[in-house]
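Reviewing the structure listed below.
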Amino acid sequence: MTAIAYTVTGMNCEHCVRSVTEELERLPEVASVAVDLADGRVTVVSEGALADGAVREAVAEAGFELVGRA
Ligand SMILES: [Cu+2]
């Protein structure tokens, strides 16, 4: 298992958190997702390698922007 934290902008409520979490959980490699709303930090636990680009796309699909690794 690998945990990587990312900074995501635009989230401002629990609904945003749920949207981002659901999109990331669609990725087959993703085991779990934890979102710190106050810090805009999204921690993704994955099995094996997870491409930053795939995470960025999932976050964009939810309507938010991945700035980079936190
Ligand atoms: Cu929201």
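Numbering-wise (my numbering), the sequence shown opens with residue 1 and increments by one. Ideal Cβ placement from N, Cα and C applies to all residues, glycine included.
Exposure of residue i, with buried meaning 16 or more beta-carbon neighbours within 10 Å
i, result
"Glu23", "buried"
"Gly68", "exposed"
"Met11", "buried"
"Ala62", "buried"
"Gly48", "exposed"
"Gly40", "buried"
For residue i, the three-state DSSP class (helix, strand or coil)
i, result
"Leu66", "strand"
"Ala54", "helix"
"Val26", "One point to set straight first is that residue 26 is Arg, not Val, in the sequence displayed. If DSSP states are grouped into helix, strand and coil, Arg26 belongs with coil."
"Ala60", "helix"
Please list, following the chain, all residues that have a C-beta closer than 6 Å to any non-hydrogen atom of ligand 1. Result: Asn12, Cys13, His15, Cys16.
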